[in-house]
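K.L.:
For reference, the structure I am asking about is given below.
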Amino acid sequence: MVQFTTQVNASLEKVWQHLIFKIEKPENFVPGVSDVFILEKNENFVTRKMTITTPETVTTLVEKITFIPYKVRFLLVEHPKFEGYVDNDIQFISENETEMTFTINWKDKATQTEMNNQEMVKNAVLKTKKYIEEN
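The opening residue of the sequence shown carries number 512 in the numbering used here; numbering runs sequentially from there.
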C-alpha cells in the first residue's frame, strides 16, 4: 500500500464535487490518461475503461468505481499486471481547507508483491490538488 496526503485550499464540498467529476474526466486529474469510456453508470457505481501512458508503458484498464461521501474507490476489474484498488478520501479541516489522501493498494498478479510507486501517488495527488484549486 502506498499513500500520500495533502491539504487542498478548497471546501470539503468543492473537493468532493471534483472527485465525482474525476470519475468521468480523469484526464484532468491523473497524469497520462486518455481514451476514457464509461461502460456502465448507475447510482451505485460507474464502470470505466481508460488508457494510461507513462514513459515506460501504455496500459488499458477497466475499473469499477464506487462513491460515498467522502470516499471514492477505484477497483481494478481488468489490468494486465495488477489487481487491487485506489481510494481517494477527503476530510474537513476548515471552511476553506480539506485533507485529501490517495491510497493505492495494488498487487502484482503473478508475484503478489505490492506496487510501491510513491512518486506516482504523489504526482496524482498534486495534479488533483492543482486542478481543484484552479477550477
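We put the beta carbon where it would ideally sit given N, CA and C, even for glycine.
Among Thr558, Phe603, Val526, which has the Cα closest to the Cα of Leu587?
P.N.:
Position 76 of the sequence shown, counted from the first residue, corresponds to residue 587. Cα-wise, what sits closest to Leu587 is Thr558.
K.L.:
Roughly how many whole angstroms lie between the Cα atoms of Glu625 and Val597?
P.N.:
Here residue 625 refers to the residue found at position 114 of the sequence shown. Here residue 597 refers to the residue found at position 86 of the sequence shown. Each residue's Cα considered, the two are about 13 Å apart.
K.L.:
Once you ignore the five residues that flank Val541 on each side, which residues in its own chain have a CB closer than 6 Å to its CB?
P.N.:
Numbered from 1 along the sequence shown, position 30 holds the residue referred to as residue 541. Cβ within range, chain order: Ala635.
K.L.:
Taking all protein chains shown into account, decide if Ala621 is buried (16 or more other Cβ within 10 angstroms of its Cβ) or exposed.
P.N.:
Start at 1 with the first residue of the sequence shown, and residue 621 comes out as number 110. With fewer than 16 Cβ atoms within 10 Å of its Cβ, Ala621 is classed as exposed.
K.L.:
Use the C-beta contact count for Pro537: other C-beta atoms within 10 angstroms, 16 or more gives buried, fewer gives exposed.
P.N.:
Position 26 of the sequence shown, counted from the first residue, corresponds to residue 537. Classification of Pro537: buried, given that the 10 Å Cβ count is 16 or more.
K.L.:
Lys618 and Asp600 look like a contact to me (Cβ under 8 Å); what is the Cβ gap, rounded to whole Å?
P.N.:
The residue given as residue 618 occupies position 107 in the sequence shown. The residue given as residue 600 occupies position 89 in the sequence shown. That pair is no contact at about 20 Å.
K.L.:
Check for me: the alpha helix (DSSP H) holding Gln629 runs from which residue to which?
P.N.:
Counted from its first residue, the sequence shown places residue 629 at position 118. Run containing Gln629: 629-645, per the alpha helix (DSSP H) assignment.
K.L.:
Taking 8 Å as the cut-off, decide whether the C-beta atoms of Ala521 and Ile643 are in contact.
P.N.:
The residue given as residue 521 occupies position 10 in the sequence shown. The residue given as residue 643 occupies position 132 in the sequence shown. Their beta carbons are under 8 Å apart, which means Ala521 touches Ile643 by this criterion.
K.L.:
Taking Asn553 as the reference, give the member of Thr571, Val513, Lys575 with the closest Cα.
P.N.:
In the sequence shown, the residue the question calls residue 553 occupies position 42. Closest by alpha carbon: Lys575.
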